[in-house]
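Notes for the one structure printed next.
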Amino acid sequence: MINLAIYVWECTLRGSTPPFCTPHLLSMVAVPVLGLLQLVVHLGTFWSVEFKVICTMRKVASVTAATHVMVFPKKATEKTGLSPLTYTVPPSHGDEEPRAVRSFEFHKRRYLWDADKKNFNKVQLPISNTFAFYLSSTGLSPRAVDESLGLHGSNSFEVPLPSFLDMYKEQCRQPFFVFQIVCVCLWSMDDNWYYSLFTLAMLLLFEGTVVISRTRNMRLLRDMMGKPTDVRVLRNGRWQMQPSTTLLPGDLVSIARNKHDPDAVVPADMLLLNGTVVSNEAILTGEATPQQKTSVSHRGGGEELSIKKGEDRMHVVF
Numbered sequence: 617m618i619n620l621a622i623y624v625w626e627c628t629l630r631g632s633t634p635p636f637c638t639p640h641l642l643s644m645v646a647v648p649v650l651g652l653l654q655l656v657v658h659l660g661t662f663w664s665v666e667f668k669v670i671c672t673m674r675k676v677a678s679v680t681a682a683t684h685v686m687v688f689p690k691k692a693t694e695k696t697g698l699s700p701l702t703y704t705v706p707p708s709h710g711d712e713e714p715r716a717v718r719s720f721e722f723h724k725r726r727y728l729w730d731a732d733k734k735n736f737n738k739v740q741l742p743i744s745n746t747f748a749f750y751l752s753s754t755g756l757s758p759r760a761v762d763e764s765l766g767l768h769g770s771n772s773f774e775v776p777l778p779s780f781l782d783m784y785k786e787q788c789r790q791p792f793f794v795f796q797i798v799c800v801c802l803w804s805m806d807d808n809w810y811y812s813l814f815t816l817a818m819l820l821l822f823e824g825t826v827v828i829s830r831t832r833n834m835r836l837l838r839d840m841m842g843k844p845t846d847v848r849v850l851r852n853g854r855w856q857m858q859p860s861t862t863l864l865p866g867d868l869v870s871i872a873r874n875k876h877d878p879d880a881v882v883p884a885d886m887l888l889l890n891g892t893v894v895s896n897e898a899i900l901t902g903e904a905t906p907q908q909k910t911s912v913s914h915r916g917g918g919e920e921l922s923i924k925k926g927e928d929r930m931h932v933v934f
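Every letter in the sequence shown is one number past the one before it in the working numbering, and letter 66, counting from 1, is 682.
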């Protein structure tokens, strides 16, 4: 485009106007080409994360000036992602000023910024401590609750349900659908406009049925999720009833058999400190035989928990 514009300018100064330099012909060629380039650039930001970053963002030297994080997974099966960077400050308790937390989420996993190591680390869960550590736990204090909530978030997994229009736009931005639309436009230029209109209507109708099917499947997933229940939690030195969505790592929970609902679901993965439990893990492992869980009270205090071991898995209620 730049070379063509320079040549047209030179032709005008010399007083000569070649056939391909006429304004009418240039407008007929330039406008569709520019429109096509604009469309390709716009769609490219949806097709490629790298292209979107090049077109809409710039690299900064400090994490304090960043708004997004570009993630390059190690696994070849995972795609590059772009996640917004969040900056949260937990509530203060006493005179000590709370420490701000910079983090981002990728594939439902949260990563925290380590100012000392200058990198992001995945949030670590207390699943490899000694049994003496778990047996001596006294629950969470109000300050520990705020800190844990800022690190781990609530005990809920939400399946977002976009609107029909948003999902329809996403379907129409797929590369294969765009290719089909281009083919329809080419057919319409060859005196096949009636066939092109019929094909276009069928394409739009088909994408609508795909969106309806996706919406139905997402609603089924949301219906499979267990509803929040009230559980007894030891916090700040006393037992209290709390919604299951507020459970945090480190909470001490009292669970008992629900006579009114024998198929009650455990609201979180729990380490059994006292008592015995018989649980049905068929939905997780496929085994129809109920599993008996035992407490860790008989284990040595210096031993460390390892959920991957078969023996230690018998202490965890999933």
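All C-beta atoms, glycine included, are put in the ideal place defined by N, C-alpha and C. Computed from a predicted structure; not experimentally measured.
Do the CB positions of ARG838 and LEU777 come within less than 8 Å of each other? As a position in the sequence shown, residue 838 is number 222, starting the count at 1. As a position in the sequence shown, residue 777 is number 161, starting the count at 1. Cβ atoms of ARG838 and LEU777: closer than 8 Å.
Measure the CB-CB distance between LEU751 and LEU863 and report whether it falls below 8 Å. Residue 751 sits at position 135 when you count from the first residue of the sequence shown. Residue 863 sits at position 247 when you count from the first residue of the sequence shown. The answer is no: Cβ separation not under 8 Å.
Which residues mark the beginning and the end of the beta strand (DSSP E) in which PHE736 is found? Stepping through the sequence shown from its first residue, residue 736 is reached at position 120. From DSSP, the beta strand (DSSP E) with PHE736 extends over 735-738.
Using C-beta distances below 8 Å, list every residue in its chain close to LYS920, excluding the 5 sequence neighbours before and after it, in chain order. Counting from one through the sequence shown, the residue named residue 920 turns up at place 304. The residue you asked about is not Lys; residue 920 is Glu in the sequence shown. Excluding positions up to five away in sequence, the list reads SER744, ASN745, THR746 and PHE747.
Taking its Cβ as the centre, do 16 or more other Cβ atoms sit within 10 Å of TYR623, making it buried, or is it exposed? As a position in the sequence shown, residue 623 is number 7, starting the count at 1. A caution first: TYR623 carries a pLDDT of 41, below 50, which makes its placement in the model unreliable, though a value can still be read off. So TYR623 ends up on the exposed side.
Just the C-alpha distance for LYS690 and PHE736, rounded to the nearest angstrom, thanks. As a position in the sequence shown, residue 690 is number 74, starting the count at 1. As a position in the sequence shown, residue 736 is number 120, starting the count at 1. If you take the alpha carbons of LYS690 and PHE736, they lie about 14 Å apart.
So, helix, strand or coil for VAL893, using DSSP? By one-based count along the sequence shown, residue 893 stands at place 277. Strand at VAL893.
Of all the CB atoms in chain B, is at least one closer than 8 Å to the CB of PRO776? Looking for chain B here will not work: only one protein chain is present.
If we ignore side chains and look at the alpha-carbon of each, how far apart do ASP867 and LYS738 end up? Taking the first residue of the sequence shown as 1, we reach residue 867 at position 251. Taking the first residue of the sequence shown as 1, we reach residue 738 at position 122. Those two C-alpha atoms are separated by around 21 Å.
Going by Cα to Cα distance, which pick from GLN796, THR831 and PRO700 is closest to ALA817? The residue labelled residue 817 in the question sits at position 201 within the sequence shown. The residue with the shortest Cα to Cα distance from ALA817 is GLN796.
What three-state label does DSSP hand PRO906 in the structure shown? The count along the sequence shown starts at 1 and reaches residue 906 at position 290. PRO906 falls in the coil class under three-state DSSP.
Could you name the residues of the same chain whose beta carbon sits closer than 8 Å to that of PRO865, not counting the 5 residues immediately before and after it, in chain order? Numbered from its first residue, the sequence shown carries residue 865 at position 249. So the list reads LEU741, PRO742, SER764 and HIS768, once near-sequence residues are dropped.
So PRO700 is in the beta strand (DSSP E); what residue range does that whole segment cover? For the purposes of this step, residue 700 is taken as residue 84 along the sequence shown, with counting starting at 1. Counting along the chain, the beta strand (DSSP E) containing PRO700 begins and ends at 697-700.
Roughly how many angstroms separate the alpha carbons of HIS914 and ARG759, rounded to a whole number? Along the sequence shown, one-based indexing puts residue 914 at 298. Along the sequence shown, one-based indexing puts residue 759 at 143. Cα to Cα, the separation comes out at about 31 Å.
With three or more beta-carbon pairs closer than 8 Å as the criterion, would you say the segment 828-835 touches the segment 771-790? yes
Cβ-based neighbour list, VAL794, same chain, cut-off 7 Å, excluding 5 preceding and 5 following: Residue numbering aside, residue 794 sits at position 178 when the sequence shown is read from its first letter. Same-chain partners within the cutoff: LEU659.
Pairwise C-alpha distance: THR661 and GLN787: The count along the sequence shown starts at 1 and reaches residue 787 at position 171. The count along the sequence shown starts at 1 and reaches residue 661 at position 45. Distance between the alpha carbons of GLN787 and THR661 is about 15 Å.
Please report the Cβ distance between PRO883 and THR910, rounded to the nearest whole angstrom; I am assuming they are in contact, meaning their Cβ atoms lie under 8 Å. Position 267 of the sequence shown, counted from the start, is the residue given in the question as residue 883. Position 294 of the sequence shown, counted from the start, is the residue given in the question as residue 910. With a Cβ gap of about 21 Å, PRO883 and THR910 do not count as contacting.
Just how far apart, CA to CA, sit LEU802 and PHE792? By 1-based counting over the sequence shown, the position of residue 802 is 186. By 1-based counting over the sequence shown, the position of residue 792 is 176. Between LEU802 and PHE792, the C-alpha separation is close to 15 Å.
Going by DSSP in three states, THR862 sits in which element: helix, strand or coil? In the sequence shown, counting from the first residue as 1, residue 862 sits at position 246. In the structure shown, THR862 sits in a helix (DSSP, three-state: H, G or I).
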